[in-house]
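Chemist: So the sequence shown is residues 1046 to 1421, counted in the working numbering.
Have a look at this one before I ask anything.
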Amino acid sequence: MRIGLLGFGVVGRGVYDITSARSDMQVAKVVCLEDISLPDAQVTKNFQDVLTDSTIDTVVEAMGGLHPAYEFVRAAIEAGKNVVTSNKALVATFYDELLPLAQSKGVLFRCTAAVGGGIGWLSELERARRVQSIHRVGGIMNGTCNYILDSMTRLGLTYEDALSQAQALGYAEANPSTDVDGIDTWHKLILSSNIGFSVSLDPQSVPAAGIRSIRAEDVASFKAHGFVCKLMATGKNQDGVISAYVQPTLFRQGEPEAAVPANYNLITLVGSASGRMSFYGQGAGRYPTAYNVVQDCADVLAGKGFYSPYGKKVSAVNADTLCYYVSGVQDAWLEENRQASWGSGIITKPVTVEAMHSWLQAHPDAFIAALPVNEN
Ligand code: HSE
């Protein structure tokens, strides 16, 4: 396999390093806007150099972002090249279009590293759905947020210091708001739900709350009540009705999610035959993510195609009722729904996920965290 590698950042560099030690695949050209030189690969600033090189059979896209990644990947497929990508924004948005295009061109399109970094989550989800119905997908899907929340909880770091460390370690997306506002988790949840439930979710029907407004005081309140806060993705299929949302969620000490450290992810499916299966590993970082990209390249070499096409278009219905911790903002609706106070934060009576997220949209400076269902 001769690879045209797009991007030489955290993931691209990792792919180059891992493939350098292999005889069955070789990075032949690297598209990179920096002035770098490599001993055994040609470096270019021009994607056309990869596109028009007929000796390159596979394009690995590790640039991130929607544009120009989408245009480059589309052009590569149209030129008859296989594509492996770790770009969750790209696949969550354009999977519906790129997968059929790849099928019509007779090339392979894989994106295992788009969810869970080094965890073989999507590849196992695809296998799981072949022989059973998937009732639930989700979990801790963002290494940056987990790193921040874990550092605030265990080490007492401020939000800002924890975020800076996550960025320095190469976990965060180029724009950290993608991580801390829950957008990265949202992309991963939509992709996982679509593959697991065979649907094509309307992204606008999937709300996401992030961790940008969490304060040390909130973390101290959670600890005092025996809880740990994690950013959770929830996707459920109840007799064809899909609910899907991203939100900070409190876990009792001792639950598996509460113990997930640093940049690790814990991603779970519940299937009609298998019951709960959880996948644990580093969800971000150079070599974990590059590992899954190279796994995809090995699958392409073995002729293994990718996941099933999405199914029919549906909107998520988020009618679950939960109690929430809310801090940072007070208003009449919250007062009406208050059932308790934790420090300067309040605990709501049970409200629907939809109602809580609609309120949050109008109060973006607030921080919310759902209490566990059995605590409602
Ligand atoms: N920024 C992402 C994360 C990278 O922190 O999980 C891996 O998808």
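Heads up, the beta-carbon is just placed ideally off N, CA and C, and yes, glycines get one too.
Being a predicted model, the structure only gives us computed values, none of them experimental.
What are the boundary residues of the beta strand (DSSP E) that includes Q1249?
Modeler: Your numbering for residue 1249 matches position 204 in the sequence shown. Q1249 -> no beta strand (DSSP E), and no H or E assigned at all.
Chemist: What residue ranges within the segment 1391-1419 form continuous alpha helix (DSSP H) runs of no fewer than 4 residues, ordered along the chain?
Modeler: 1398-1407
Chemist: Excluding five sequence neighbours on each side, which residues of the same chain lie with their C-beta closer than 8 Å to the C-beta of G1320?
Modeler: Position 275 of the sequence shown, counted from the first residue, corresponds to residue 1320. None.
Chemist: Three or more C-beta pairs closer than 8 Å, one from the segment 1262-1282 and one from the segment 1190-1205: is that the case here?
Modeler: Yes: at least three Cβ pairs fall under 8 Å.
Chemist: When burial is assigned at 16 or more other CB atoms within 10 Å of the CB, is D1229 buried or exposed?
Modeler: Here residue 1229 corresponds to residue number 184 of the sequence shown, with the count starting at 1. With 16 or more other Cβ atoms within 10 Å, it is buried.
Chemist: Could you tell me which of L1214, L1202, I1259 and I1235 sits nearest to D1226, measuring between CA atoms?
Modeler: To locate residue 1226, count along the sequence shown from 1; it is residue 181. Measuring from the Cα of D1226, the nearest candidate turns out to be I1259.
Chemist: Ends of the beta strand (DSSP E) at T1294?
Modeler: Here residue 1294 refers to the residue found at position 249 when the sequence shown is read from its first residue. Here the beta strand (DSSP E) through T1294 covers V1286 to R1297.
Chemist: So does the segment 1332-1341 actually touch the segment 1159-1173, counting three or more Cβ pairs closer than 8 Å?
Modeler: yes
Chemist: Counting along the chain, where does the alpha helix (DSSP H) carrying V1338 start and finish?
Modeler: As a working note, residue 1338 is residue 293 in the sequence shown. Residue range R1331 to L1346 is occupied by the alpha helix (DSSP H) that includes V1338.
Chemist: Do C1342 and V1105 have their CB atoms nearer than 8 Å?
Modeler: For the purposes of this step, residue 1342 is taken as the residue at position 297 of the sequence shown. For the purposes of this step, residue 1105 is taken as the residue at position 60 of the sequence shown. Cβ distance < 8 Å, so C1342 and V1105 count as in contact.
Chemist: Within its chain, find whatever has a CB closer than 6 Å to the CB of Y1336; leave out the 5 residues flanking it on each side and keep chain order.
Modeler: Walking along the sequence shown from the start, residue 1336 turns up at place 291. Closer than 6 Å at the Cβ level, and outside the excluded window around Y1336, lie G1163.
Chemist: What is the rounded straight-line gap between the Cα of Q1298 and the Cα of V1338?
Modeler: Along the sequence shown, read from residue 1 onward, the residue named residue 1298 stands at position 253. Along the sequence shown, read from residue 1 onward, the residue named residue 1338 stands at position 293. Rounded to the nearest angstrom, the two C-alpha atoms are 34 Å apart.
Chemist: Grab the span of the beta strand (DSSP E) containing T1089 for me, first residue to last.
Modeler: What you label residue 1089 is simply residue 44 of the sequence shown in a count that begins at 1. Its beta strand (DSSP E) spans residues Q1087 to T1089.
Chemist: Does the beta carbon of T1064 fall short of 7 Å from some heavy atom of the ligand HSE?
Modeler: Counting from one through the sequence shown, the residue named residue 1064 turns up at place 19. Incorrect: T1064 has no Cβ contact closer than 7 Å to the ligand HSE.
Chemist: For K1126, does the three-state DSSP call read helix, strand or coil?
Modeler: Numbered from 1 along the sequence shown, position 81 holds the residue referred to as residue 1126. Correct three-state label for K1126: coil.
Chemist: Checking the sheet assignment: what are the DSSP bridge partners for Y1325?
Modeler: Start at 1 with the first residue of the sequence shown, and residue 1325 comes out as number 280. Its beta-bridge partners are L1311.
Chemist: Less than 6 Å between C-beta atoms, sequence neighbours within five positions excluded: which residues of the same chain meet that for C1156?
Modeler: Position 111 of the sequence shown holds residue 1156. These residues qualify, in order along the chain: T1130 and V1136.
Chemist: Looking only at C-alpha atoms, which of G1271, A1253, L1143 and H1402 sits nearest to L1379?
Modeler: The sequence position of residue 1379 within the sequence shown is 334, counting from 1. For the residues G1271, A1253, L1143 and H1402, the minimum Cα distance to L1379 belongs to H1402.
Chemist: So F1272 is in the beta strand (DSSP E); what residue range does that whole segment cover?
Modeler: By one-based count along the sequence shown, residue 1272 stands at place 227. Here the beta strand (DSSP E) through F1272 covers F1272 to Q1283.
Chemist: Identify whether L1367 lies in helix, strand or coil by the three-state DSSP scheme.
Modeler: Translated into the one-based positions of the sequence shown, residue 1367 becomes position 322. Looking at L1367 - three-state DSSP - the assignment turns out to be strand.
Chemist: Count the other C-beta atoms from every protein chain shown that fall within 10 angstroms of the C-beta of I1081, then say buried if there are 16 or more, exposed otherwise.
Modeler: Position 36 of the sequence shown, counting from 1, holds the residue named residue 1081. Around the beta carbon of I1081, fewer than 16 other beta carbons lie within 10 angstroms, which makes this residue exposed.
Chemist: Could you say if the segment 1410-1420 and the segment 1288-1304 meet the contact criterion of at least three C-beta pairs nearer than 8 Å?
Modeler: yes
Chemist: S1389 to S1372, Cα distance in whole Å?
Modeler: Along the sequence shown, read from residue 1 onward, the residue named residue 1389 stands at position 344. Along the sequence shown, read from residue 1 onward, the residue named residue 1372 stands at position 327. Taking the straight line from one Cα to the other gives about 7 Å.
Chemist: Might you give, ordered along the chain, the residues of its own chain that have their beta carbon closer than 7 Å to the beta carbon of K1357, omitting 5 neighbours on each side?
Modeler: As a first step, residue 1357 must be located in the sequence shown, where it is residue number 312. Its chain contains V1244 and S1245 as the residues whose beta carbon lies nearer than 7 Å to that of K1357, once the 5 sequence neighbours on both sides are disregarded; these appear in chain order.
Chemist: With distances taken from CA atoms, which of S1288, Y1290, G1271 and N1187 is nearest E1300?
Modeler: By one-based count along the sequence shown, residue 1300 stands at place 255. That would be G1271, whose Cα lies nearest to the Cα of E1300.
Chemist: Ignoring anything shorter than 3 residues, give me the beta strand (DSSP E) runs that lie fully in the segment 1061-1147, in order along the chain.
Modeler: 1071-1076, 1087-1089, 1103-1106 and 1127-1130
Chemist: Between I1063 and Q1071, what straight-line distance do the alpha-carbon atoms span, to the nearest angstrom?
Modeler: Within the sequence shown, the letter at position 18 stands for residue 1063. Within the sequence shown, the letter at position 26 stands for residue 1071. Per the coordinates, the alpha-carbon of I1063 lies some 10 Å from the alpha-carbon of Q1071.
Chemist: Return helix, strand or coil for I1164, following the three-state DSSP convention.
Modeler: If you number the sequence shown from 1, residue 1164 lands on position 119. Residue state for I1164 is assigned as coil, using DSSP reduced to three classes.
Chemist: Quick check on Q1384: does DSSP put it in helix, strand or coil?
Modeler: Along the sequence shown, one-based indexing puts residue 1384 at 339. Q1384: strand per DSSP, three-state reduction.
Chemist: Please list the terminal residues of the continuous beta strand (DSSP E) segment that includes I1185.
Modeler: The residue labelled residue 1185 in the question sits at position 140 within the sequence shown. Element bounds for I1185: I1179 to I1185.
Chemist: What is the residue span of the alpha helix (DSSP H) that I1193 lies within?
Modeler: In the sequence shown, counting from the first residue as 1, residue 1193 sits at position 148. I1193 -> alpha helix (DSSP H) spans G1188 to D1195.
Chemist: DSSP puts R1047 in a beta bridge; with which residues?
Modeler: Within the sequence shown, the letter at position 2 stands for residue 1047. Paired residues: Q1071.
Chemist: Out of A1066, V1251, H1180 and C1077, state which residue places its alpha-carbon closest to the alpha-carbon of G1049.
Modeler: Taking the first residue of the sequence shown as 1, we reach residue 1049 at position 4. When only C-alpha atoms are compared, the closest one is C1077.
Chemist: Take K1349 and list the residues in its own chain whose beta-carbon comes closer than 7 Å to its own, dropping the five residues that flank it on each side.
Modeler: For the purposes of this step, residue 1349 is taken as the residue at position 304 of the sequence shown. Within the same chain, K1349 has no close Cβ partners at all.
Chemist: Considering only the alpha carbon of each residue, which of V1359, W1387 and V1362 lies closest to Y1020?
Modeler: Because the chain in this structure spans residues 1046 to 1421, residue 1020 falls outside the shown range and cannot be described.
Chemist: Are there any heavy atoms of the ligand MN lying less than 7 Å away from the beta-carbon of S1389, as far as the coordinates show?
Modeler: This structure lacks the ligand MN; the ligands present are the ligand HSE.
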